[in-house]
Amino acid sequence: MKKYTYTDKKDTRSGFGAGLLEAGQKNDQVVALCADLIGSLKMNDFIKAFPERFVQVGIAEANMIGIAAGMTIGGKIPFTGTFANFSTGRVYDQIRQSVAYSNKNVKICASHAGLTLGEDGATHQILEDIGLMKMLPGMTVINTCDYNQTKAATIAIADYDGPVYLRFGRPVVPIFTDPDQKFEIGKAWMVNEGADVSIFATGHLVWQAILAGEILAEQGIDAEIINIHTIKPLDEEAVLKSVAKTGCVVTAEEHNRLGGLGDSIAQVLAVHNPSPQEYVAVNDSFGESGTPEQLMTKYGLDAEHIVAAVKKVIERKNKKG
Amino acid sequence: MKADLQTLEKTASQIRRDIVRMVHGCQSGHPGGSLGCTDFFTALYFSVMNHDPKFNMDALGEDIFFLSNGHISPVFYSTLAHAGYFDKAELATFRKLNARLQGHPTTHEHLPGIRIASGSLGQGLSVAIGAALAKKLNGDKSLVFTLHGDGEIQEGQIWEAAMFAPHNHVDNLISTIDVNGQQIDGPTKQVLSLGDLRAKWEAFGWDVLDMKGNDMADVVRVLEEAKSRTGQGKPIMILMHTEMGYGVDFMVGSHKWHGVAPNDEQLKLALDQLEETLGDY
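These protein sequence lines map, in sequence, to chains A and B. Residues in the first sequence are numbered consecutively from 254, following the numbering used here. Residues in the second sequence are numbered consecutively from 10, following the numbering used here.
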């Protein structure tokens with residue numbers, strides 16, 4: 254198992270804030286919009302640097318998405334910012350018609366995704382957003398795993414022409430990816446090469462997959478860990494190449510097991526290489542109030558649950574013979 | 010660019026013929042609102058707006074129009090064709106398989122003249138505000154126009170946008186509501202009352218004008234008046250009073266022709282009332 258260490262921890266939303274500032278410095282067509290959550294989205298540095306390129310829309314997310322779509326007409330590259338729930342479920346039809354169907358170059362940037370929003374509870378903890386967004390034709394869906402990757406992804410999507418959903422979160426988590434990485438949309442990142450099982454993880458579950466990989470290594474299980482930061486378009490080649498070698502799969506995500514990364518992987522495998530698969534995901538339920546750590550444990554989204562899923566899927570593979 | 014009143018009236022008559030024929034041709038679509046708004050579209054595209062039929066999405070230095078109530082696509086398509094955005098022969102493909110003239114307008118098929126998809130109601134005002142903000146950032150002094158149905162403003166997003174535009178001094182925006190008092194299920198007064206529209210929009214901070222929407226001279230006059238009021242800190246709202254189905258006597262004033270196509274006999278009756286001035290497609 255390749256060794257991953259970290260010296261610092263930060264929230265991924267701060268990576269977005271830093272990336273937004275840099276994207277704004279690189280390209281003066283980049284503009285930002287927010288629905289009364291500037292501090293939560295870490296947009297302050299961008300606003301301070303480019304006050305005239307920031308639009309405060311108030312608590313009116315539907316209007317924000319429409320305004321963003323309109324600003325692309327005239328060449329602007331709008332980044333919208335609010336919580337993941339209000340970025341997707343609340344404004345699904347606005348995104349569908351004014352952004353996706355109209356093919357507008359809007360970057361929908363969503364913080365506080367998933368259970369790790371914590372104490373606010375289920376009204377704010379969307380676990381369906383990846384599914385909602387990936388079903389829209391032409392929509393790119395990205396879920397980043399740490400500060401550095403979120404910053405790099407934010408800069409990268411400004412250079413990409415087309416609608417993007419960028420999902421990140423609130424909790425402070427280890428920074429373990431390269432600060433100088435080049436973020437390639439749609440290109441999976443090989444975290445650790447292994448032979449016994451393929452673990453495909455996205456977002457906050459990537460660090461948990463690394464922790465699981467270390468536990469498994471001690472028990473003599475050689476796990477391949479791949480970070481799928483871009484859920485759509487999916488790096489099918491990386492998925493198939495890995496599973497051809499390992500023969501079984503665990504997917505890990507902070508999302509409902511219906512419609513998320515796991516389903517995207519299962520669909521590819523069903524067509525090309527049917528293989529035993531276990532899901533580490535929320536089991537079709539809403540969340541609840543609690544600390545992020547408590548919730549990730551209760552809902553089975555941590556290293557221990559990944560280890561258990563790996564053992565189960567290897568057993569299934571061996572039975573299959 | 011600026012056509013005289015007589016030419017505008019002739020153009021409007023041809024567009025009304027096109028509308029009825031297009032809807033008859035595919036036996037679906039929305040003739041009522043299209044006919045009621047024909048004078049507005051004609052004035053906008055042949056007299057009021059500065060626009061280039063050599064279509065460019067970003068419209069730098071050009072006025073932009075957004076149709077928010079996308080179901081009145083027949084009048085939009087016919088207007089664009091006569092203005093030179095595409096060949097009027099293509100009007101025959103309206104709502105047919107593999108056509109660029111979809112039931113509701115879309116950018117997806119790359120039809121020149123369309124800058125946003127509309128159909129699901131209530132979204133166009135926000136989009137127009139965005140385009141108006143982009144114009145300001147670009148130092149572009151041109152204007153942004155919109156059209157909405159009166160039933161459409163029952164959508165909540167309209168009021169989010171209504172609150173935003175005055176607060177942010179979006180004063181390069183001229184919006185229009187087609188006040189015909191009809192929606193699919195009946196008169197707006199019965200379905201969901203709109204109340205005092207002037208008082209509502211003024212209370213939100215808009216500069217409000219009234220227009221006789223089926224009187225070409227008044228349509229041109231009010232649109233020019235609206236233009237003269239831009240750049241003064243407020244967005245402008247025109248309450249355009251029209252009759253649904255205007256120009257075809259048996260369609261006038263009833264919600265029943267909101268989304269129904271005429272049969273062969275009704276088509277003949279309608280065309281007898283609408284002079285062919287520029288040649289049918």
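Virtual Cβ for every residue (Gly too), placed ideally from N, Cα, C.
{"Check": "Using a C-beta to C-beta distance shorter than 8 Å, which residues of chain A count as neighbours of A68/B?", "Outcome": "I326 and G327"}
{"Check": "Residues of chain B with CB under 7 Å from Q278/A, in chain order?", "Outcome": "Correct list: empty, because the minimum Cβ distance to chain B is about 17 Å."}
{"Check": "Measuring CB atoms only, is the stretch 28-38 of chain B touching the stretch 57-73 of chain B, in the sense that at least three cross pairs come out at less than 8 Å?", "Outcome": "no"}
{"Check": "Comparing C-alpha positions only, which one of L493/A, N480/A and Q472/A sits nearest to V563/A?", "Outcome": "Q472/A"}
{"Check": "Who are the near neighbours of L290/A in its chain, counting only those whose CB is closer than 6 Å to its CB and skipping five residues on each side?", "Outcome": "T335"}
{"Check": "Along the chain, where does the alpha helix (DSSP H) containing M317/A start, and where does it finish?", "Outcome": "E314 to M324"}
{"Check": "With a cut-off of 7 Å, does the C-beta of D346/A fall near any C-beta of chain B?", "Outcome": "yes"}
{"Check": "Just checking my contact of R25/B with D289/B at CB under 8 Å: how many whole Å lie between their CB atoms?", "Outcome": "So it is not a contact: roughly 12 Å between Cβ atoms."}
{"Check": "Look at A465/A and A556/A and say whether their C-beta atoms are less than 7 Å apart.", "Outcome": "yes"}
{"Check": "Tell me which same chain residues have a C-beta within less than 6 Å of the C-beta of G112/B, skipping the five on either side of it?", "Outcome": "R104"}
{"Check": "Residues of chain B with CB under 7 Å from Y354/A, in chain order?", "Outcome": "T115, H117 and A126"}
{"Check": "Which residue from A101/B, N107/B, A92/B and F74/B puts its Cα closest to that of I125/B?", "Outcome": "F74/B"}
{"Check": "Per DSSP, what kind of secondary structure is E407/A in: helix, strand or coil?", "Outcome": "In the sequence as presented, Glu is not what sits at residue 407/A; that position holds Thr. Reduced to three states, the DSSP call for T407/A is helix."}
{"Check": "Counting only beta-carbon separations shorter than 7 Å, does F173/B have a partner in chain A?", "Outcome": "yes"}
{"Check": "Relative to the C-alpha of F154/B, which candidate in N181/B, F213/B, D61/B and M225/B has its C-alpha closest?", "Outcome": "N181/B"}
{"Check": "Starting from the C-beta of I123/B, find all residues in its chain whose C-beta is less than 6 Å away, skip the five residues before and the five after it, and write them out in chain order.", "Outcome": "P114 and T116"}
{"Check": "Would you verify that the beta carbon of Q344/B is, or is not, closer than 7 Å to some beta carbon of chain A?", "Outcome": "Limits of chain B in this structure are 10 at one end and 290 at the other, which puts residue 344/B out of reach."}
{"Check": "Could you tell me if F259/B is buried or exposed, where buried requires 16 or more neighbouring beta carbons within 10 angstroms of its beta carbon?", "Outcome": "exposed"}
{"Check": "Could you give the distance in angstroms between the alpha-carbon of K209/B and the alpha-carbon of M246/B?", "Outcome": "11 Å"}
{"Check": "Nearest to D433/A by CA position, among N401/A, I463/A, M443/A and V417/A, is which residue?", "Outcome": "N401/A"}
{"Check": "Of the residues that make up the stretch 130-141 of chain B, which ones have a beta carbon closer than 7 Å to any beta carbon in chain A?", "Outcome": "Q132, S135, V136, A137, I138, G139 and A140"}
{"Check": "Can you find a CB in chain A that lies within less than 7 Å of the CB of Q166/B?", "Outcome": "yes"}
{"Check": "With a cut-off of 7 Å, does the C-beta of E169/B fall near any C-beta of chain A?", "Outcome": "yes"}
{"Check": "Evaluate contact between the stretch 403-415 of chain A and the stretch 539-552 of chain A, counting only Cβ atoms and requiring at least three cross-stretch pairs below 8 Å.", "Outcome": "no"}
{"Check": "In chain order, what residues of the same chain lie with their CB nearer than 7 Å to the CB of F64/B, ignoring the 5 residues before and after it?", "Outcome": "Y94, P121 and G122"}
{"Check": "Mind reading off the beta-carbon distance from Y315/A to E169/B? Whole number of angstroms is fine, and I expect it under 8 Å.", "Outcome": "As written in the sequence, residue 315/A is Ala, which differs from the Tyr given in the question. Sure, about 6 Å apart at Cβ, within 8 Å."}
{"Check": "Look at the Cβ atom of G422/A, then the Cβ atom of I379/A, and state whether they are nearer than 7 Å.", "Outcome": "no"}
{"Check": "Report the partner residues of M7/B according to the DSSP bridge assignment.", "Outcome": "Residue numbering for chain B in the displayed model covers 10 to 290; residue 7/B lies beyond these limits and cannot be assessed."}
{"Check": "Report the residue ranges of all beta strand (DSSP E) runs contained in full by the stretch 340-425 of chain A; include only those spanning at least 3 residues, in chain order.", "Outcome": "360-364, 393-396 and 417-420"}
{"Check": "Using 7 Å as the threshold, is the C-beta distance between T286/B and S87/B below it?", "Outcome": "no"}
{"Check": "Give the DSSP bridge partners of G195/B, in chain order.", "Outcome": "Q192/B"}
{"Check": "Which same chain residues end up closer than 8 Å to V261/B when comparing Cβ atoms and leaving out the 5 residues on each side of it in sequence?", "Outcome": "E252, M253, G254 and Y255"}
{"Check": "I'd like to know whether the C-beta of N181/B is nearer than 7 Å to at least one C-beta of chain A.", "Outcome": "no"}
{"Check": "Return the CA-CA distance between N445/A and V136/B, expressed in angstroms with no decimal places.", "Outcome": "45 Å"}
{"Check": "Under 7 Å, Cβ to Cβ, is there at least one residue of chain B near A556/A?", "Outcome": "no"}
{"Check": "Should G148/B go down as buried or exposed, given a rule of 16 or more other Cβ atoms within 10 Å for buried?", "Outcome": "exposed"}
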